[in-house]
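Here's the structure, in structure tokens; my notes come after.
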Amino acid sequence: MNTHRQTIKSLLWRSALLMMPILRMMYLLLLPFYRILWAVYTYSGARHIREMAQYKSRSGPDYKPSPTLVLWVVGIYLGLHGIATNRYEAALDRAENRMSAVVSQLSTNNEQAFKNLIGQIPDIQQKKTPLEPNVLWPFQVLENLSCLIKDKEVSGGMEEESTWKSRFGCLIDGVKGNFVLVSLLYEEPNPEILDWSRKTIETWRGRSMAGASLTSVNLSGANLKQANLSGAYLGQADLFRAYLNQANLSGAQLRRTILFHANLNRANLSGADLYGANLAWASLIGADLSQATLWETNLSGANLREADLSGAGLKKANLFGANLGTANLSGANLYRANLSRTALEEANFSGAYLGHADLADSSGWKRIKSIEKANVLGVKNAPEGFQAWARGNGAVEMAVNDWLAFTKNASP
1328 MNTHRQTIKS LLWRSALLMM PILRMMYLLL LPFYRILWAV YTYSGARHIR EMAQYKSRSG
1388 PDYKPSPTLV LWVVGIYLGL HGIATNRYEA ALDRAENRMS AVVSQLSTNN EQAFKNLIGQ
1448 IPDIQQKKTP LEPNVLWPFQ VLENLSCLIK DKEVSGGMEE ESTWKSRFGC LIDGVKGNFV
1508 LVSLLYEEPN PEILDWSRKT IETWRGRSMA GASLTSVNLS GANLKQANLS GAYLGQADLF
1568 RAYLNQANLS GAQLRRTILF HANLNRANLS GADLYGANLA WASLIGADLS QATLWETNLS
1628 GANLREADLS GAGLKKANLF GANLGTANLS GANLYRANLS RTALEEANFS GAYLGHADLA
1688 DSSGWKRIKS IEKANVLGVK NAPEGFQAWA RGNGAVEMAV NDWLAFTKNA SP
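No gaps in the numbering here: position 85 of the sequence shown is 1412 in my numbering, and each next residue is one more.
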């Protein structure tokens, strides 16, 4: 029996000796985690909360009060969030009440009253509200930190890195709401009101909005197919990617309006004022722009195939890379217009004024349908042989007054 006991003790001692290095290693590995947990427990305020729930003397010589900074920070943050939320909801309620009042009256049979109500929408859109606060915003941004770790894009053997703006901008992509301090300090037009007002105008696009005052209205992405906006005031409006197929905008005031990437196929823009408007990459296939004012208008990359630009004022307009195939530009004023890299196949330039226009790298000029009586005096960067070809097809090079007299006398 004693022999068995001694054997067991010997085995236990050997096992203990073997386990000591393993236990020591485990201790060394777990010690950092323990210290981290202790630090979190102490500095997060959890220790303070536990002590507040216990009967314990805090006047002892060895007592050290626990830190409460985190509790203060969290408390202040939540308090600020409450204030920001109340400000946001109060401002949003005021805007929603006003928008509701307008929407509820749009069914009126009085056309002028209807237009007056529609005319209130831009003002409602422009009313600024605090940004919507999100209490979890810091944590949601942290979740998106992985977007900063982006591989370099390889293009044609050249490495290109995204700009810092786009890289840091990805942090807030998909994060709803805003940081509390941002909500308290900044205001902007409310996205919910903007969306509601856009949908309202889309719903009522079947009724005439001719002559309506919609200056600075935001209708980006709106579906306004066949809408009647003739004579409407849409100066400085945002119609980015708006769908205006077959819409009636004749005589409309669209000065400095954003129509970037808008669809204006077969739209009626005759006599419209588009001074300084942005129509870059817009689709204007078959659109009627006769007698329209397009001074300093950005039409770069626009598709103007089959468009009617007869008598249009295109002074200093930017038509870089535009498609003017089969377009009618008879009698148009293209003084100092940028026609570089423009497609000109089958375009009609009869009686047009092309003085000092830039024709660098324009294509299809030998297949221009008509250039008779057009004035090509001082055209810049014209393709080799263009001016001789133009003169041979009825174009002239005259001073403005002489050319005007010439065209007047030549008229039947």
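Glycine included, C-beta positions come from ideal geometry on N, C-alpha and C.
DSSP three-state assignment for residue i, whether helix, strand or coil
| i | result |
| --- | --- |
| A1539 | coil |
| Y1361 | helix |
| T1490 | Low local confidence applies: a pLDDT of 48 at T1490 is under 50, so the model's placement there is unreliable, and no value is given. |
| A1709 | coil |
| I1448 | helix |
| Y1662 | coil |
| A1717 | helix |
| E1480 | Unreliable positioning characterises E1480 in this predicted model, as indicated by a pLDDT of 42, which lies under 50. The coordinate reading is nonetheless provided below. It is a strand residue. |
| M1485 | In this predicted model, M1485 has a pLDDT of only 39, less than 50, meaning its place in the structure is not dependable; the value taken from the coordinates is given anyway. Of the three classes helix, strand and coil, the one that applies to M1485 here is strand, per DSSP. |
| R1729 | The sequence as given places Asp at residue 1729; Arg does not occur at that position. Reduced to three states, the DSSP call for D1729 is helix. |
| A1783 | No answer is possible for residue 1783: the residues shown for the chain start at 1328 and end at 1739. |
| D1749 | As displayed, the chain neither begins before 1328 nor continues past 1739, which places residue 1749 out of reach and without an answer. |
| I1695 | coil |
| N1590 | strand |
| V1509 | helix |
| N1461 | coil |
| N1736 | helix |
| V1468 | helix |
| E1724 | coil |
| A1670 | strand |
| N1675 | strand |
| N1575 | strand |
| N1443 | helix |
| F1495 | Model confidence at F1495 stands at a pLDDT of 49, short of 50, so the residue's coordinates are unreliable; what they give is reported in the following sentence. Correct three-state label for F1495: helix. |
Boundaries of the beta strand (DSSP E) in which residue i is found, first to last residue
| i | result |
| --- | --- |
| T1620 | Where T1620 is concerned, there is no enclosing beta strand (DSSP E), given that its DSSP letter is neither H nor E. |
| K1455 | K1455 to P1457 |
| P1516 | E1514 to P1516 |
Bounding residues of the alpha helix (DSSP H) (the contiguous stretch that carries residue i)
| i | result |
| --- | --- |
| E1423 | L1396 to Q1432 |
| H1375 | A1373 to M1379 |
Nearest-angstrom beta carbon gap, residue j and residue i [assumed within contact, 8 Å]
| i | j | result |
| --- | --- | --- |
| H1451 | S1535 | The amino acid occupying residue 1451 in the given sequence is Ile; His does not appear at that position. Not quite, the Cβ-Cβ distance comes to about 21 Å (not below 8 Å), so this is no contact. |
| S1557 | A1537 | 5 Å |
| L1611 | N1625 | The pair is not a contact, with the Cβ atoms about 13 Å apart (cut-off 8 Å). |
| D1522 | L1546 | Rounded, the Cβ-Cβ distance is 11 Å, inconsistent with contact. |
| T1653 | E1633 | 5 Å |
| G1372 | T1395 | 6 Å |
| E1672 | R1694 | 5 Å |
| F1647 | S1617 | Not quite, the Cβ-Cβ distance comes to about 23 Å (not below 8 Å), so this is no contact. |
| A1684 | K1707 | 7 Å |
| A1674 | L1651 | 5 Å |
| R1582 | A1604 | 7 Å |
| P1359 | K1455 | P1359 to K1455, Cβ: 50 Å. No contact. |
Between the segment 1526–1537 and the segment 1505–1512, do at least 3 Cβ pairs fall closer than 8 Å?
When Cβ pairs closer than 8 Å are counted between the two stretches, the segment 1526–1537 is seen not to touch the segment 1505–1512, the count staying below three.
Let me know the alpha helix (DSSP H) ranges lying completely inside the segment 1547–1572, each 4 residues or longer, listed in chain order.
As far as the segment 1547–1572 is concerned, it has no whole alpha helix (DSSP H) run of at least 4 residues.
Output the residue ranges of the alpha helix (DSSP H) runs that lie fully inside the segment 1600–1656 and measure 4 residues or longer, sorted by chain position.
As far as the segment 1600–1656 is concerned, it has no whole alpha helix (DSSP H) run of at least 4 residues.
Check whether the segment 1587–1603 and the segment 1569–1578 touch, using three or more Cβ-Cβ pairs below 8 Å as the test.
By the C-beta criterion, the segment 1587–1603 is judged to be in contact with the segment 1569–1578, since at least 3 inter-stretch pairs fall below 8 Å.
Is the segment 1638–1645 in contact with the segment 1659–1667, if contact means three or more CB pairs nearer than 8 Å?
Per the Cβ contact rule, the segment 1638–1645 is in contact with the segment 1659–1667 (3 or more Cβ pairs under 8 Å).
How about the segment 1422–1438 and the segment 1398–1406: do they share at least three Cβ pairs that are nearer than 8 Å?
With the rule of 3 Cβ pairs closer than 8 Å, the segment 1422–1438 does not count as touching the segment 1398–1406.
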